[in-house]
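Colleague:
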Amino acid sequence: MQTFPPIPGFRAVPFTGVIYVMAEAARRGYRYGHPDWCNLGQGQPETGPLPGGPPRVEHVAIDVDDQEYAPVPGIWELREAVAALYNSLYRRGMKSQYKAENVCICGGGRSSLTRAVAALGEVNLGHFLPDYTAYEELLDIFKLFTSIPIPLDPASGYRFSADDLRREILGKGLSAVLLSNPNNPTGRTVQGEELQRWVATARDLQCTLLLDEFYSHYVWTGPEDQWSMVSAAQYVEDVNRDPVVLFDGLTKNWRYPGWRCTWVVGPKQVIEAVASTGSFLDGGGSKPLQRAALPLLEPAVALQETAAIQKAFRRKRKLMMKGLRAAGIKLDVAPEATFYCWGDLSGLPEPLSDGMGFLKAALDEKVICVPGEFFDVNPGKRRAGRPSRFRQYARFSFGPEEATVKTGVERIGRMTGA
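Here it is, written out as structure tokens:
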């Protein structure tokens with residue numbers, strides 16, 4: 000591959016893990032929708048119709064007024080709809096209710112997170128290992144705060160209790176903690192009474208929880224014939240005082256990743272700050288798509304979509320778990336949520352026991368996955384020179400259509416000699 004000298008003033012910006020593996024696959028002939036490939040690496044769900052789900056949006060009308068810029072915090076109607084959905088799902092009968100002023104609409108998940116992180120002050124921010132790959136550059140680009148890693152232990156199934164959280168906050172002087180819940184890549188989920196204790200701990204110690212809840216409708220711990228969701232919104236006492244900031248959007252839970260329509264929910268003061276950072280970071284999201292999103296936020300539509308997701312994705316989850324285990328790949332924990340399996344490759348022969356070696360062999364079989372070391376979030380590469388704790392892991396997605404998942408795990412089985 001031809002290389003060029005650096006251009007003055009610019010630094011080398013690394014790819015996130017998913018983008019890296021997609022670029023490697025593209026070098027071998029992959030393109031989106033290629034029928035010969037099994038993309039178990041991309042972090043998006045299948046986007047077509049599901050049995051029992053609401054009709055998919057196929058056309059978006061654009062009014063004359065929608066040709067204009069959207070307000071940086073989003074159109075008021077969508078902000079109201081998001082607030083109403085949270086109140087309907089999680090806050091019925093509670094005195095403190097979310098309002099439009101508690102919601103900021105953004106142009107994608109990374110945009111939501113970037114706006115919020117850009118508004119942080121000179122504080123210590125805790126983040127977990129492993130976690131979402133894009134956090135790495137996000138936590139390095141803004142220099143006001145200090146990011147402090149919190150390692151999770153595979154031997155304990157990546158569990159982290161509210162008591163553990165309290166010790167970390169007090170011991171490391173944390174003013175904020177960022178995490179994906181449900182966790183990407185492990186699928187471990189803080190929920191129920193434990194999540195209630197997390198929120199209470201944040202309230203008591205005045206440490207803000209920045210909770211990436213993009214997989215909150217992909218929850219597998221409830222009864223198979225009932226939908227289940229998880230959100231810290233259920234345990235917030237005062238929406239304008241409790242230090243809890245939530246991130247979600249149409250990307251995963253409504254299966255419209257291409258819309259780049261997401262939101263931040265939190266105290267009014269935080270939303271004002273997030274809107275302010277958005278004014279210089281991105282200027283706001285797409286006005287026509289925000290308008291088109293309004294019917295999707297109706298509680299009945301959201302619940303119908305969730306029920307369809309959970310029925311279809313439970314089958315794929317079982318299919319992938321069975322196939323990976325048959326191929327000799329261990330799972331430290333069965334995913335409690337998300338559409339990922341976090342595979343331990345250490346029992347495989349070399350070079351398959353290494354995530355990067357496994358990726359190379361998988362690409363030869365036209366299968367894409369993401370090596371585990373990309374989830375060892377390391378802002379600024381401060382741990383450079385040390386081998387990643389997760390170099391013998393890989394993340395596998397059961398987000399694609401069932402036929403793709405089935406073919407993908409069959410190819411992996413042949414690759415490992417299972």
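With the first letter of the sequence shown counted as 1, position 229 gets the number 228 in numbering that gives the first Met the number 0; the numbers rise by one all the way through. Quick reminder that beta carbons are idealized off the backbone N, C-alpha and C, glycines included. Keep in mind the model is a prediction, meaning the values are calculated, not measured.
For D247, name the three-state secondary structure that DSSP assigns.
Modeller: Of the three classes helix, strand and coil, the one that applies to D247 here is strand, per DSSP.
Colleague: With contact counted as at least three CB pairs below 8 Å, one residue from each stretch, are the segment 337-350 and the segment 175-194 in contact?
Modeller: yes
Colleague: Leaving out the 5 sequence neighbours to the left and right, which residues in its chain are closer than 7 Å to A402 when beta-carbon positions are compared?
Modeller: Around A402: no qualifying Cβ.
Colleague: With burial defined as no fewer than 16 other Cβ atoms inside 10 Å of the residue's Cβ, what is the status of Q205: buried or exposed?
Modeller: When all chains shown are included, Q205 counts as exposed.
Colleague: Let's see if you can read the secondary structure: which residues bound the alpha helix (DSSP H) around A154?
Modeller: Where A154 is concerned, there is no enclosing alpha helix (DSSP H), given that its DSSP letter is neither H nor E.
Colleague: In the DSSP output, which residue or residues are listed as bridge partners for D343?
Modeller: K329, Y392
Colleague: Residue ranges of each beta strand (DSSP E) run of no fewer than 3 residues wholly in the segment 167-212, ordered along the chain?
Modeller: 173-179, 207-211
Colleague: Quick check on P266: buried or exposed, where buried means 16 or more other Cβ atoms within 10 Å of its Cβ?
Modeller: buried
Colleague: What residues match up with L124 in a beta bridge as DSSP calls it?
Modeller: Beta-bridge analysis with DSSP links L124 to S146, A175.
Colleague: Using CA atoms only, rank isn't needed, just tell me which of F312, R394, A133, R390 is closest to G51.
Modeller: F312
Colleague: Would you kindly work out how many angstroms separate the C-alpha atoms of D237 and W258, rounded to a whole number?
Modeller: 31 Å
Colleague: Going by other Cβ atoms of all chains shown within 10 Å of its Cβ, with 16 needed for buried, is D62 buried or exposed?
Modeller: exposed
Colleague: Use the C-beta contact count for F424: other C-beta atoms within 10 angstroms, 16 or more gives buried, fewer gives exposed.
Modeller: Nothing can be reported for residue 424, as the shown portion of the chain is limited to 0 through 417.
Colleague: Which of the three DSSP states is assigned to I6 in this structure?
Modeller: I6 falls in the coil class under three-state DSSP.
Colleague: Measuring alpha carbon to alpha carbon, tell me which residue in K365, Y89, Y392 is nearest E23.
Modeller: K365
Colleague: Between M414 and the rest of its own chain, which residues show a CB-CB distance below 7 Å, the 5 nearest in sequence each way excluded?
Modeller: Excluding positions up to five away in sequence, the list reads A360, A361, E364.
Colleague: Taking the beta carbon of R394 as the centre, do at least 16 other beta carbons fall within 10 Å, making it buried, or is it exposed?
Modeller: buried
Colleague: Check each candidate in G47, F127, G248 and name the one with the smallest Cα separation from L164.
Modeller: Closest option to L164, Cα to Cα, is F127.
Colleague: How would you write the range of the alpha helix (DSSP H) that I18 sits in, first residue to last?
Modeller: Unbroken alpha helix (DSSP H) run through I18: 16-26.
Colleague: Measure the CB-CB distance between Q480 and L77 and report whether it falls below 7 Å.
Modeller: Examination of residue 480 is not possible in this model, given that the chain is present from 0 through 417 alone.
Colleague: Report the three-state DSSP secondary structure of N239 (helix, strand or coil).
Modeller: The answer is coil: DSSP assigns N239 none of H, G, I, E or B.
Colleague: Tell me the DSSP bridge mates of P370?
Modeller: Under DSSP, P370 shares a beta bridge with A393.
Colleague: Taking only the alpha-carbon atoms, compute the straight-line gap between K310 and E223 and give it to the nearest angstrom.
Modeller: 8 Å
Colleague: Can you tell which of R166, L209, G221 has the C-alpha that lies nearest to the C-alpha of P242?
Modeller: By alpha-carbon distance to P242, the top candidate from R166, L209, G221 is L209.
Colleague: Between L302 and V81, which are expected to be in contact by the criterion C-beta below 8 Å, what is the C-beta distance as a whole number of angstroms?
Modeller: Contact between L302 and V81 is ruled out by a C-beta separation of about 15 Å, above the 8 Å threshold.
Colleague: Cutting at 6 Å between CB atoms, please list the residues of its own chain near E79, excluding the five before and the five after it.
Modeller: A99
Colleague: Taking Cβ to Cβ, would you say P287 is nearer than 7 Å to D139?
Modeller: no
Colleague: Considering only the alpha carbon of each residue, which of P256, L323, M355, D162 lies closest to G412?
Modeller: Residue L323 is the option with its Cα nearest to G412.
Colleague: Alpha helix (DSSP H) containing W75: first to last residue?
Modeller: 75-89
Colleague: Of the residues K317, G106, E57, E372, which one's Cα is nearest the Cα of G47?
Modeller: E57
Colleague: Please determine, among P53, Y255, L330, the residue with the shortest C-alpha to C-alpha distance to S187.
Modeller: Looking at the sequence itself, residue 187 is Arg, so the reference to Ser does not match. For R187, the nearest C-alpha among the options comes from L330.
Colleague: What ranges does the beta strand (DSSP E) occupy inside the segment 261-314, keeping only unbroken runs of at least 3 residues that lie completely in it?
Modeller: 261-264
Colleague: First and last residue of the beta strand (DSSP E) that includes V102?
Modeller: 102-105
Colleague: Would you decide whether I468 is buried or exposed? Buried here means 16 or more other CB atoms lie within 10 Å of its CB.
Modeller: Any property of residue 468 remains undetermined from this structure, which presents the chain solely from 0 to 417.
Colleague: Whose C-alpha, out of I147, A133, F159, P153, is nearest the C-alpha of L172?
Modeller: Checking the sequence, you will find Gly at residue 172 rather than Leu. Of the listed residues, the one whose Cα sits closest to G172 is I147.
Colleague: Exposed or buried, Y68, counting other C-beta atoms within 10 Å across all chains shown (16 or more means buried)?
Modeller: By the neighbour-count rule (16 or more Cβ atoms within 10 Å), Y68 is not buried but exposed.
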